[in-house]
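Protein chains: 4
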Amino acid sequence: MFVVMRTGASEAEVNGVKGLILAEGLTPFENAGEDRTVIAVVGEIGKRREQLRVRLEATAGVTAVTAISKAYKLVSREFHPENTVIRVLDTVVGDGSLSVMAGPCSVESRDQLFETVDHVSTHGATIIRGGAFKPRTSPYSFQGLGVEGLRYLAEARQRTGMPIITEVMDTSQVDIVAQYADILQIGTRNMQNFSLLLACGRIGKPVMLKRGFSGTIDEWLMAAEYIASAGNPNIIMCERGIRTFETATRNTLDLSAVPLLHHLTHLPVVVDPSHATGKRWLVKPLAIGGVAVGADGVMVEVHPRPEEALSDGEQSLTFDLFDQMMTAITAVHGHVRDLHGDLLASASAPAKAGG
Amino acid sequence: MFVVMRTGASEAEVNGVKGLILAEGLTPFENAGEDRTVIAVVGEIGKRREQLRVRLEATAGVTAVTAISKAYKLVSREFHPENTVIRVLDTVVGDGSLSVMAGPCSVESRDQLFETVDHVSTHGATIIRGGAFKPRTSPYSFQGLGVEGLRYLAEARQRTGMPIITEVMDTSQVDIVAQYADILQIGTRNMQNFSLLLACGRIGKPVMLKRGFSGTIDEWLMAAEYIASAGNPNIIMCERGIRTFETATRNTLDLSAVPLLHHLTHLPVVVDPSHATGKRWLVKPLAIGGVAVGADGVMVEVHPRPEEALSDGEQSLTFDLFDQMMTAITAVHGHVRDLHGDLLASASAPAKAGG
Amino acid sequence: MFVVMRTGASEAEVNGVKGLILAEGLTPFENAGEDRTVIAVVGEIGKRREQLRVRLEATAGVTAVTAISKAYKLVSREFHPENTVIRVLDTVVGDGSLSVMAGPCSVESRDQLFETVDHVSTHGATIIRGGAFKPRTSPYSFQGLGVEGLRYLAEARQRTGMPIITEVMDTSQVDIVAQYADILQIGTRNMQNFSLLLACGRIGKPVMLKRGFSGTIDEWLMAAEYIASAGNPNIIMCERGIRTFETATRNTLDLSAVPLLHHLTHLPVVVDPSHATGKRWLVKPLAIGGVAVGADGVMVEVHPRPEEALSDGEQSLTFDLFDQMMTAITAVHGHVRDLHGDLLASASAPAKAGG
Amino acid sequence: MFVVMRTGASEAEVNGVKGLILAEGLTPFENAGEDRTVIAVVGEIGKRREQLRVRLEATAGVTAVTAISKAYKLVSREFHPENTVIRVLDTVVGDGSLSVMAGPCSVESRDQLFETVDHVSTHGATIIRGGAFKPRTSPYSFQGLGVEGLRYLAEARQRTGMPIITEVMDTSQVDIVAQYADILQIGTRNMQNFSLLLACGRIGKPVMLKRGFSGTIDEWLMAAEYIASAGNPNIIMCERGIRTFETATRNTLDLSAVPLLHHLTHLPVVVDPSHATGKRWLVKPLAIGGVAVGADGVMVEVHPRPEEALSDGEQSLTFDLFDQMMTAITAVHGHVRDLHGDLLASASAPAKAGG
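Residue numbers (the numbering used here), protein chains in the order written: chain A, 1 to 355; chain B, 1001 to 1355; chain C, 2001 to 2355; chain D, 3001 to 3355.
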């Protein structure tokens, strides 16, 4: 349930409500919107619901106590109508601008990373991506450079001034990855690694949560709720294709997910056409599609010489293809943003908490 | 295999090749391109392949004999590099313009049809859709008005001057539907109704082939090949969502299919966001997405009062929503067409056969 | 809804109820069980429901009027608690015995058919299968011998005294197939070919309805309802695998469907492990599995020389493998039948109507 | 690749081969079969393959050096033809006997666990299951008793003398779970949690690896390979249903996986019909099906009062239903084991390593 405070409720009144919730062994989450403050009550409420509602309604400063219709609370638009806007270094995600996360699938060497970064950072990318810990189907495949890769990524940040996003595969890696990276990525196979979700919920850096390749929209939002419930409101959702019967593409990019999420949640949504299609030549058209349906950004893999890549070469863009894609999506983004206004309540108004 | 004639080959030479193929009990299909004529050899070639190749190569006017790498021949871009452009009444599909097929899911009455048609025909639609024979999951649901519905559709054509598309469910209906409609639609459940495909291949009107909700891209192209092999080159492919584990949408719209098809086939491709999403408010964003990835058109359901619709009311657009969608996709279409040039070899050059 | 007559209701009373239903433009279906007669009311009842219920309850001989909770009526166990038992020539399906439908995928020649039939008919098969009209993905693949194949099948019946099952692909083939075959098969791609379902509902021979490879249990039962509502109660359900992401098998055999169907419907259920797995060596273990979960029979493909088969050679059993499978499933059938008693209310009591 | 030693090769010869492999930075895995010893070479061999093969072939005691055709090596039957037989306390899994893992979904209290355990341990179960750390879709659902639950499980082992299996969700829990449990379970959502797989590969206790609900057979075997490559050969595979379009059951139990795995791997395979179906009344028929297709065991959820269960009550068996299932599967197991002999090379011959 959530508690709507009256416009102009005092800090003391807000704290009174929070205290009552804490005293019940539950957790209050505050969303201080422009007009009014809303406090979500989170935890196992069970049979106390009705009694608690009555007591909260009778508390000073409270206008209404409402049920949240979804199983996810903190990440729902019901609780938090304004878009979440995430600022990392000088970059912003979710404010109506177009985020472009680009870089190699794996950091293979200092040279390969810098060569790629030097290109994408000067041709439209806003965030540098690169894998240091790599989840590979086979234990005998290249597993990434690990901490060495993280160090190169940190150097790449210094070199470009741009934030770094990289994957964290396990709770034991959260601290070290958070030390080097600006945004932590949770991969598709870990969407329901609940221990990892909670661990990423306890750090002070934004998290990008990839959709599980067989995760429903509801499960994906519940996974985001895990992160939010642990205290981290800065979550980016990334649609990267789902597993279906079709084999012509590596996965099936579910572009319906973008408007659906914009309707259901206040979190920014980006699209990864590289993993979704698994084919270099399909990245541009699907990146265009993603931007056209209203995505806040795209994530793509770029490699100086894809044929030599240690992972995912088939789907990595050459520099030339990256430039073509950038030209296309920049043009499309300029035209479509206004078309989805009805789905994006208040794109430019970041909330105090949660944004 | 297909036989490439030399530039400027005479009609006699072309006929010589065709005669040789016919004498083998196989069927020749001619594609007279701008530069040169190509003749596909279709049928069960089996073990004669090598011997036949040698004889064809030695025939007057022949430049080369090549294998087609796909199981589908006539609908492949390998055989027919130019886009197929389909003209129906005053409308053209596949020439780079944006086709908009709109109308009610079911023709429910003369009034309901005309009310809808009067709106969409004056607000951007280029083709009128409406179901007379309705495939329904339950035998106890409204099954459509049948021939009465076809008659109203023919009246709607007279009223608007626009072509009519409607579904044919069975071989026994092909003649009567072809008598009234301008384009015959094969529904998703009939994508592999091979008898119906062949029957639609023998008529002189264009056919729109919806993707089976569990049909792979390859199976879909093979289904189109059935129609083409029976003599009908005027086929429109319609992506309408595939069945996946996700239940937040009725089906999952596979927008990757659009660039994939443009790469693999010369046939025009439209997108149906109404059936794919099953939700009215998702039609506009996905229609935008479809146009953005390069679709030649969209098909949508419109109803004057969706809440009273006898079928698919949930996904039918109101007139107002139709207008909003039209504004959006018209704007996007103007901007994106050039962005996909690499996938669309020669959009403005209709072939003699096949176009 | 359905109308429960009192025990010992007279024919006049039953006819009175039927007359009232017919007068409403609806159709009565009678199930004369051992204890009492039940009459289902089928058609678009709509808003008349409550009024009709009251009138029926007040009619002579009526004990109760009840709603059927499922969208399918005639095929539901609610309406018809006793198992449907189907007699064809000297064979019975659904009476607790084990039906084995065996024969070649395609009838390729008189010799090939007879060689196969001579083996399987003397080694445990109870019904002969063989395709005359073949649904093939490619228009250039062998399409079956057609009517010639039907004639050979009729000869095979004479030769063995066993009933013949073969596929009908289109409404236009129903008459000719029904003339030669004892059981008509509707293939997986035609599960929702509603015209074909209705046409098969109007003939006097049993129909085997294969599950669509992407058909849900509910859709499958609704498809059976089409056949039953057109007047044909003798329907056999055949689980043949569903399309999933897994590619190690051709499809995924859904053995849960067997107990589910036995719970939801009174119709017999057989399992086809040949099409489900697509691999010869998996046929025996999955046939065992099917019998173990309570299937009323299995359908398998057998070929004298699978490596020469014109279709589905990979999954065809050799004579030797067929014999091994027969030994195994006969043994298992003897042991498991009693274990599923709770799902099979009254396996040995065929109903008057519907059985 | 793997190195086949001659029959009677000396320990010195075996060590010579191992030394050569280690010197290359690769890892040797020895399978000492009855006749001869085979050594798998594991790691990134890359371009050294041919050179290494020649050198190994020339080494004393070596009969042949062969490629393994699959991406998984150590878990393949090619490398290790004998079945892996796992002994835990007085129980054996994979030796042809029927393993029955039973207990509550979650350990909810000491009383609930003991009440359940007292029943199942005296009615046919061979291993006690119970969740202490629970992966839940919602962060607000009951998350299990944690270490307290582990302690109760250890008490249950003392009470019954039977081994305990419980889930480990994260690398950080491996040590504590391994301290209390006899078999560690990796859940469906963690099948590709590669860090957890490696951590479980480094402990000295058997691991049961559930199939990811969207994991292919190949990915599942590669996940097992992660565990084996880290040094733990004692792995049990558990089929628990895959995610498909069908919603009549919670998941679709893929019983084809059982014979497929028995063909591809030497590891034992059990089936979990509780999670697969999500419906109590379907557990018995599918447990029968699983045993019939050759599974080495079943895992089921049992609760004294399922309607009060804190998780998965819908699918939990009552004591009475558990007893009925036990009677059924015991009977079936006695009859079917011999029927699958061709898939189970040498069921009674545990290997020295790997078994």
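Heads up, the beta-carbon is just placed ideally off N, CA and C, and yes, glycines get one too.
Fair warning: this is a prediction, and the values are worked out from it, not measured in the lab.
Given a length threshold of 3 residues, each whole run of the beta strand (DSSP E) inside the stretch 2021-2087 of chain C is given here in chain order: 2027-2032, 2037-2042, 2062-2066. By the 16-neighbour rule on beta-carbons within 10 angstroms, A/L264 is buried. Residue-level contact by beta carbon holds for D/Q3192 and chain A, with a gap shorter than 7 Å. Using a Cβ-Cβ cut-off of 7 Å, A/S256 is close to T1249, T1252, L1253, T1277, L1282, L1286 of chain B, given in chain order. Across the stretch 3309-3337 of chain D, CB contacts with chain C closer than 7 Å involve A3328, A3331, V3332, H3335, V3336, in sequence order along the chain. The beta-bridge partner set that DSSP reports for A/S109 is empty. Put simply, the backbone Cα of C/E2307 is about 20 Å away from that of C/T2137. Counting only runs that start and end inside the stretch 3213-3256 of chain D, the beta strand (DSSP E) elements of at least 3 residues fall at 3235-3239. Residues V107, A132 of the same chain have their beta carbon placed closer than 7 Å to that of A/L145, with the five preceding and five following residues left out of the count. B/K1210 has B/C1238 as its beta-bridge partners, per DSSP. A Cβ-Cβ contact shorter than 7 Å links B/N1251 with B/G1241. The residue among C/V2062, C/E2057, C/A2023, C/R2055 with its C-alpha nearest the C-alpha of C/E2011 is C/V2062. A contact is defined here as three or more CB-CB pairs under 8 Å, and the stretch 1191-1204 of chain B meets this definition with respect to the stretch 2167-2179 of chain C. Contact note: A/H340 reaches chain B through K1284, P1285, I1288, A1328, using a C-beta cutoff of 9 Å and chain order. Residues of the stretch 3204-3237 of chain D with a Cβ closer than 7 Å to any Cβ of chain A, in chain order: F3213, S3214, E3219, M3222, E3225, Y3226, S3229. For C/R2006, there is no enclosing alpha helix (DSSP H), since its DSSP letter is neither H nor E. For B/G1103, the enclosing beta strand (DSSP E) begins and ends at 1099-1103. Residue range 1319-1336 is occupied by the alpha helix (DSSP H) that includes B/M1325. Within the stretch 2083-2096 of chain C, not one residue has a Cβ closer than 8 Å to any Cβ of chain A. For A/L255, the closest of B/A1292, B/G1201, B/P1081 by C-alpha to C-alpha distance is B/A1292. Of the other Cβ atoms in all chains shown, 16 or more fall within 10 Å of the Cβ of D/V3120; this residue is therefore buried. Per DSSP, the unbroken alpha helix (DSSP H) holding D/G3289 starts and ends at 3280-3292. Taking 7 Å as the CB threshold, A/T171 lines the interface with chain D. Contacts with chain C at 7 Å (Cβ-Cβ) include A/F245. In this structure, the alpha-carbon of A/P104 lies about 28 Å from that of A/R202. Distances from the alpha-carbon of B/P1259 to those of B/H1340, B/D1320, B/T1277, B/Q1324 put B/H1340 closest. Annotated three-state conformation of B/L1145 is coil, per DSSP. Under the DSSP assignment, C/G2297 falls in the beta strand (DSSP E) whose first and last residues are 2297-2301. Selection D/Q3051, D/F3245, D/N3190, D/T3247 evaluated against D/I3227 yields D/N3190 as nearest (Cα-Cα).
In the three-state DSSP reduction, C/I2176 falls in the helix class (H, G or I). Shown here for D/D3182: same chain residues with a beta carbon closer than 6 Å to its own, the five before and five after excluded, namely V3088, P3163, I3164 in chain order. Bounds of the alpha helix (DSSP H) holding A/L198 are 194-201. Cβ contact annotation for B/K1070 (same chain, cutoff 6 Å, sequence separation greater than five): S1076, in chain order. One finds nothing in chain C with a Cβ atom closer than 7 Å to the Cβ of B/A1154; even the nearest lies about 22 Å away. Linking C/P2268 to C/V2093 through their CA atoms gives a straight-line distance of about 7 Å.
Contact annotation: the stretch 2313-2331 of chain C touches the stretch 2285-2302 of chain C, with at least three C-beta pairs closer than 8 Å.
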